[in-house]
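Enquirer: The structure under discussion is supplied below as structure tokens; questions concerning it will follow.
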Amino acid sequence: MTQIKICGITRRTDALTAAACGADALGFIFYEASPRHVTPETARMICCDLPKRVVRVGVFVNEDASRIMEIVDFCGLDMIQLHGDEPPEYCRRFPAELLIKAVSFQGEGDPAALADYPVRAILLDQREAGRFGGTGKPSDWNWAGCITALYPLILAGGLHAGNIEAAIRIAAPDAVDINSGVEHAPGKKDPEKVSRIMEIIRSIDHDKTVTRPQRPFRRLRGPLCRRDADARPD
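Take the working numbering: the final residue in the sequence shown is number 234, and no numbers are missing along the way.
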């Protein structure tokens, strides 16, 4: 089954809708320059109302490591997604099994260099000058094979109902990260778009010619799990 993350969550209603539709993970962006930025207080409130099975992912851009851990602990996050220019040495400050690193290849690139990153999965996204993701533009799916040789792949970048089937069949990712493609405004999800894209993805999963054994999004009892995690609703 292709895992599905709905990113850029800013509202409780959107989070509950995505969870009810079967999202495996939800992303909360703590980067103030993003139009989908959410405060730790709001994210904590939303996270407390989610079913335990939903993986809570905190998205950070070139943030101080100690600040990340403060937010992780405060909100009860399960995984960390680093979406900036963080080098491998910086990533080693966090548990590798709970870390996602976002990358983007503009023209030429060296995917082999990714082997230095101690992470659970690599997220392939599209960047623009001065913007770390959230561009609404597709990433270069041609890099997918290079990444899956090293790590589980989370495919992001301008995914929507019109291109999600092609993206999955061409890139064969282990998971997809969907943001602007299910919105009617930045940070405001459209329930019908969320439901529709989930239906398309699940229909593809029934095609046995498309296989994805890896599961990038995980909840593990460990450093990033709150001590009261078992109190979350089922």
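Every residue, glycine too, gets a C-beta built ideally from N, C-alpha and C. Predicted model, so just to flag it, every value in this text is computed and none were measured.
If you count every other CB in all the chains shown that lies within 10 Å of the CB of Ser203, and 16 or more means buried, which is it?
Expert: Indexing the sequence shown from 1 puts residue 203 at position 203. By the neighbour-count rule (16 or more Cβ atoms within 10 Å), Ser203 is not buried but exposed.
Enquirer: Once you ignore the five residues that flank Ala115 on each side, which residues in its own chain have a CB closer than 6 Å to its CB?
Expert: Taking the first residue of the sequence shown as position 1, residue 115 is located at position 115. Correct list, in chain order: Leu150.
Enquirer: For Lys101, which of helix, strand or coil comes out of DSSP?
Expert: Taking the sequence shown and counting its residues from 1, the one referred to as residue 101 is at position 101. If DSSP states are grouped into helix, strand and coil, Lys101 belongs with the strands.
Enquirer: Rounded to the nearest angstrom, how far is the Cβ of Val54 from that of Leu77, given a contact under 8 Å?
Expert: For the purposes of this step, residue 54 is identified with residue 54 of the sequence shown, where counting begins at 1. For the purposes of this step, residue 77 is identified with residue 77 of the sequence shown, where counting begins at 1. Wrong, their Cβ atoms sit about 12 Å apart, outside the cutoff.
Enquirer: Considering Gly30, what are the terminal residues of the beta strand (DSSP E) in which it resides?
Expert: Translated into the one-based positions of the sequence shown, residue 30 becomes position 30. Correcting the residue type first, residue 30 is Phe in the shown sequence and not Gly. First-last for Phe30: undefined, no H or E at that position.
Enquirer: Quick one: using the 10 Å Cβ neighbour count with 16 as the cut-off for buried, is Asn62 buried or exposed?
Expert: Locating residue 62 in the sequence shown gives position 62, where the first residue counts as 1. With fewer than 16 Cβ atoms within 10 Å of its Cβ, Asn62 is classed as exposed.
Enquirer: With a threshold of 6 Å on Cβ separation, who are the neighbours of Ile154 within its own chain once the five nearest residues in sequence on each side are excluded?
Expert: Taking the sequence shown and counting its residues from 1, the one referred to as residue 154 is at position 154. Hits under 6 Å: Ala121, Leu123, Ala175, Asp177, Pro216.
Enquirer: With distances taken Cα to Cα, identify the nearest neighbour of Phe30 among Ala18, Cys75, Asp24, Asp14.
Expert: In the sequence shown, counting from the first residue as 1, residue 30 sits at position 30. That would be Cys75, whose Cα lies nearest to the Cα of Phe30.
Enquirer: If I'm right that Glu199 touches Asp190 with Cβ under 8 Å, what's the distance once you round it to whole angstroms?
Expert: Within the sequence shown, numbered from 1, the residue matching residue 199 stands at position 199. Within the sequence shown, numbered from 1, the residue matching residue 190 stands at position 190. That belief does not hold up - the Cβ atoms of Glu199 and Asp190 are roughly 14 Å apart, past 8 Å.
Enquirer: In the DSSP assignment, the beta strand (DSSP E) including Ala5 goes from what residue to what residue?
Expert: What you label residue 5 is simply residue 5 of the sequence shown in a count that begins at 1. Rather than Ala, the amino acid found at residue 5 in this sequence is Lys. Taken as a continuous stretch (DSSP letters only), the beta strand (DSSP E) holding Lys5 covers 3-6.
Enquirer: Along the chain, which unbroken stretches of the alpha helix (DSSP H) at least 4 residues long are found entirely within the stretch 60-97?
Expert: Segments of the alpha helix (DSSP H) lying fully in the stretch 60-97: 65-75, 88-91.
Enquirer: Looking at the secondary structure, which residues open and close the alpha helix (DSSP H) in which Val270 lies?
Expert: Within the shown structure, residues of the chain are numbered from 1 to 234, placing residue 270 beyond reach of any answer.
Enquirer: Assign Gly162 to one of two classes, buried (16 or more other C-beta atoms within 10 Å of its C-beta) or exposed (fewer than that).
Expert: Here residue 162 is taken as the residue at index 162 of the sequence shown, counted from 1. Per the 10 Å Cβ criterion, exposed.
Enquirer: Considering Leu50, what are the terminal residues of the beta strand (DSSP E) in which it resides?
Expert: Counted from its first residue, the sequence shown places residue 50 at position 50. Premise fails: Leu50 is in no beta strand (DSSP E) and is neither H nor E.
Enquirer: Would you mind working out which of Gly8, Ser195, Val57 sits nearest Leu98, comparing C-alpha positions?
Expert: Locating residue 98 in the sequence shown gives position 98, where the first residue counts as 1. Considering only alpha carbons, the answer is Val57.
Enquirer: Counting C-beta neighbours from all protein chains within 10 Å, is the total for Pro152 16 or more, i.e. buried, or is it exposed?
Expert: Within the sequence shown, numbered from 1, the residue matching residue 152 stands at position 152. That one is buried.
Enquirer: Do the CB positions of Thr10 and Val38 come within less than 7 Å of each other?
Expert: The residue given as residue 10 occupies position 10 in the sequence shown. The residue given as residue 38 occupies position 38 in the sequence shown. A contact, by the Cβ cut-off of 7 Å.
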